[in-house]
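Notes to accompany the following structure.
In full-length UniProt numbering, the protein residues as written are 1 to 246.
Printed below as a string of structure tokens:
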């Protein structure tokens, strides 16, 4: 195991180092996943239920492979999801992730996407809902090699702050060496619409229920692309939102 990282490292700029130290020696190397050419993978990452929840994955998509990852980061103290993805020709990758936390929790999603061959696409959609003194962060790096012509990469990052003590960090990063690419990113931080809350109250809805419903609408779209009947993550997210909205 390598030395415990510090905040001097860009990927750990917002990390809870004390919390990380409590599990560092027990962490394994990143899980390695390879998706064969023309194959498809769907994974759903639910919270472990532990106070400190760290997940690290290295993934390779061979030519024409497709991957869809849906992730809910909701650790009570510190949650960190790291994902390093390498995409070969024509690969198609999408990541849909949510940070939902209250108290003094720190929640991070850290991704590195490597477009190393022509025609690969990647899409990342991150939503954070943060109350009390919680901190939610997204650090997303996209690297496009010279061979990565016709890359199409997109990041959409939005955060909702429920209390003045909550903090959202977003750091999208692009490194592009190819000249025929389409790369876009956007990040916004806001709060619940007071007019919508007033309208809900006028219809007889109590404040906590109104906030929870609006937050479900903010986050719920992340799970629309899940194939099959596995919508358990939507219910877990719903419960987490009700708790933070209370």
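All C-beta atoms in this analysis are idealised placements derived from N, C-alpha and C, irrespective of residue type, glycine included. Please read all numbers here as calculations on a predicted model, not as lab measurements.
Item to complete: Kindly provide the ranges of any alpha helix (DSSP H) runs that are 4 or more residues long and lie completely inside the segment 201-233, ordered along the chain.
Response: If we require 4 residues or more, the alpha helix (DSSP H) runs fully inside the segment 201-233 come out as 207-220.
Fill in: Burial state of residue 199, where buried means 16 or more other Cβ atoms lie within 10 Å
Counted from its first residue, the chain shown places residue 199 at position 199. An exposed status is given to residue 199, since fewer than 16 other beta-carbon atoms sit within 10 Å of its beta-carbon.
Worksheet item: For residue 199, which of helix, strand or coil comes out of DSSP?
Response: What you label residue 199 is simply residue 199 of the chain shown in a count that begins at 1. Correct three-state label for residue 199: helix.
Worksheet item: So residue 222 and residue 98 are in contact, right, with Cβ under 8 Å, and what is the actual spacing, rounded?
Response: One-based indexing of the chain shown puts residue 222 at position 222. One-based indexing of the chain shown puts residue 98 at position 98. Indeed they touch by this definition, with Cβ atoms about 6 Å apart.
Practice prompt. Report the partner residues of residue 80 according to the DSSP bridge assignment.
Written response: Numbered from 1 along the chain shown, position 80 holds the residue referred to as residue 80. Its beta-bridge partners are 54 and 108.
Worksheet item: What is the DSSP secondary structure of residue 39, counted as helix, strand or coil?
Response: Taking the chain shown and counting its residues from 1, the one referred to as residue 39 is at position 39. Coil at residue 39, not helix or strand.
Item to complete: Return the chain-ordered list of same chain residues with a C-beta closer than 6 Å to the C-beta of residue 91, the five sequence neighbours on each side being excluded.
Response: Residue numbering aside, residue 91 sits at position 91 when the chain shown is read from its first letter. By the criterion of a C-beta distance shorter than 6 Å, residue 91 is surrounded in its chain by 61, 65 and 120, once the five residues flanking it on both sides are discounted.
Worksheet item: Taking DSSP as the reference, what is the three-state secondary structure of residue 152?
Response: For the purposes of this step, residue 152 is taken as residue 152 along the chain shown, with counting starting at 1. DSSP, read as helix, strand or coil, puts residue 152 in strand.
Worksheet entry | Helix, strand or coil at residue 144 according to DSSP, with G and I counted as helix | Counted from its first residue, the chain shown places residue 144 at position 144. Residue state, collapsed to three classes: strand.
Worksheet item: Should residue 43 be labelled buried (16 or more other beta-carbon atoms within 10 Å of its own) or exposed?
Response: Your numbering for residue 43 matches position 43 in the chain shown. By the neighbour-count rule (16 or more Cβ atoms within 10 Å), residue 43 is not buried but exposed.
Worksheet item: Residue range of the alpha helix (DSSP H) that residue 18 falls in?
Response: Reading the chain shown from its first residue, position 18 is the one you call residue 18. Taken as a continuous stretch (DSSP letters only), the alpha helix (DSSP H) holding residue 18 covers 17-24.
Worksheet item: Mind checking if residue 182 is an interface residue toward chain E, Cβ cutoff 8 Å exclusive?
Response: The question asks about chain E, but that chain is absent: this structure has only one protein chain.
Discussion item. Which of the three DSSP states is assigned to residue 7 in this structure?
Written reply: Here residue 7 refers to the residue found at position 7 of the chain shown. Residue state, collapsed to three classes: coil.
Discussion item. In the DSSP assignment, the beta strand (DSSP E) including residue 172 goes from what residue to what residue?
Written reply: Residue numbering aside, residue 172 sits at position 172 when the chain shown is read from its first letter. Per DSSP, residue 172 is one residue of the beta strand (DSSP E) stretching across 167-176.
Discussion item. Between which residues of its own chain and residue 187 is the CB-CB distance below 7 Å, once the five residues before and five after are set aside?
Written reply: Counting from one through the chain shown, the residue named residue 187 turns up at place 187. If the five residues before and after residue 187 are omitted, its C-beta is found closer than 7 Å to the C-beta atoms of 157, 170 and 172, all from its own chain and listed in chain order.
Worksheet item: Would the beta-carbon of residue 73 fall within 8 Å of that of residue 81?
Response: As a position in the chain shown, residue 73 is number 73, starting the count at 1. As a position in the chain shown, residue 81 is number 81, starting the count at 1. Between residue 73 and residue 81, the gap from beta carbon to beta carbon is short of 8 Å.
Worksheet item: Considering only C-alpha positions, which residue in the set 138, 3 and 13 is nearest to residue 189?
Response: Mapped onto the chain shown, residue 189 falls at position 189. When only C-alpha atoms are compared, the closest one is 138.
Item to complete: Quick one: using the 10 Å Cβ neighbour count with 16 as the cut-off for buried, is residue 207 buried or exposed?
Response: As a position in the chain shown, residue 207 is number 207, starting the count at 1. Taking all protein chains in view, the Cβ of residue 207 is surrounded by fewer than 16 other Cβ atoms within 10 Å, so the residue is classified as exposed.
Fill in: Residues sharing a beta bridge with residue 2, DSSP
Taking the chain shown and counting its residues from 1, one reaches residue 2 at position 2. Looking at the DSSP assignment, residue 2 forms no beta bridge with any residue, so it has no partner.
Worksheet item: What are the boundary residues of the beta strand (DSSP E) that includes residue 92?
Response: The residue you call residue 92 lines up with position 92 of the chain shown. 92-101 is the extent of the beta strand (DSSP E) around residue 92.
Worksheet item: In the DSSP assignment, what are the bridge partners of residue 122?
Response: Counting from 1 along the chain shown, the entry for residue 122 is found at position 122. DSSP lists 93 and 153 as partners of residue 122.
Worksheet item: In whole angstroms, what separates the C-alpha of residue 134 from that of residue 102?
Response: Taking the chain shown and counting its residues from 1, one reaches residue 134 at position 134. Taking the chain shown and counting its residues from 1, one reaches residue 102 at position 102. Per the coordinates, the alpha-carbon of residue 134 lies some 5 Å from the alpha-carbon of residue 102.
Worksheet entry | The beta strand (DSSP E) enclosing residue 190, as first and last residue numbers | Translated into the one-based positions of the chain shown, residue 190 becomes position 190. If you look at residue 190, you'll find it in the beta strand (DSSP E) that goes 181-190.
Worksheet entry | DSSP beta-bridge partners of residue 137 | On the chain shown, position 137 is the one that residue 137 refers to. 108 and 169.
Practice prompt. Take residue 240 and list the residues in its own chain whose beta-carbon comes closer than 6 Å to its own, dropping the five residues that flank it on each side.
Written response: Counting from 1 along the chain shown, the entry for residue 240 is found at position 240. The answer, listed in chain order, is 74 and 100.
Practice prompt. Return the chain-ordered list of same chain residues with a C-beta closer than 6 Å to the C-beta of residue 21, the five sequence neighbours on each side being excluded.
Written response: Residue 21 sits at position 21 when you count from the first residue of the chain shown. Within the same chain, Cβ atoms closer than 6 Å to the Cβ of residue 21 are found at 4, the five residues on either side in sequence being excluded.
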